[in-house]
Ligand SMILES: C[S@@+](CC[C@H](N)C(=O)[O-])C[C@H]1O[C@@H](n2cnc3c(N)ncnc32)[C@H](O)[C@@H]1O
């Protein structure tokens with residue numbers, strides 16, 4: 015449930031970039047204007063502690079719900095395996111996932127070392 019009806023909710027992907035760039039796992043992330051709780055939800059998904067303040071009780075409830083969900087669902091839209099994907103690249107992401115699942119180790123037997131020559135040098 016990334017989307018709420020908070021009027022200025024930020025995308026989790028954007029906040030994830032900031033959190034990853036400025037903190038380490040187990041650090042404390044503080045957002046004094048929590049809104050719908052994007053920062054706290056992302057902090058939880060990225061294994062940071064968090065602390066937030068929100069004036070509006072309804073938004074605080076939205077935030078609490080998102081934080082609870084973030085304990086069970088760690089996915090961040092547009093962020094997978096440490097990579098931030100551009101929008102509309104879902105098919106590319108699926109292909110990468112399939113490729114990595116079907117990848118087999120390659121055994122090089124009787125490999126002849128490549129011998130360099132001066133033939134192509136200028
Ligand atoms: C720009 S929104 C934050 C949006 C948030 N980043 C998100 O993704 O949902 C700012 C929030 O700060 C709250 N706010 C404004 N003044 C405040 C104050 N003095 N103390 C705590 N919260 C405040 C507003 O109710 C509003 O929800």
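Residue numbers (the working numbering): 15 to 136. We put the beta carbon where it would ideally sit given N, CA and C, even for glycine.
Q) Buried or exposed: residue 115, going by 16 or more other Cβ atoms within 10 Å of its Cβ? A) exposed
Q. Considering only residues of the same chain and omitting the five flanking positions on each side of residue 91, which have a CB-CB separation below 7 Å?
A. 16, 26 and 27
Q.
Quick check on residue 90: does DSSP put it in helix, strand or coil?
A. strand
Q. Which of the three DSSP states, helix, strand or coil, is assigned to residue 42?
A. strand
**Q.** From 40, 82 and 56, residue whose alpha carbon lies closest to that of residue 32
**A.** 56
Q | Inter-stretch contact at 8 Å, needing at least 3 Cβ pairs: the stretch 57–76 / the stretch 98–105 | A | no
Q: Using 6 Å as the cut-off, classify the Cβ of residue 81 as near or not near the heavy atoms of ligand 1, replying yes or no.
A: no
Q: Please state if the CB of residue 47 and the CB of residue 65 are separated by a distance shorter than 7 Å.
A: no
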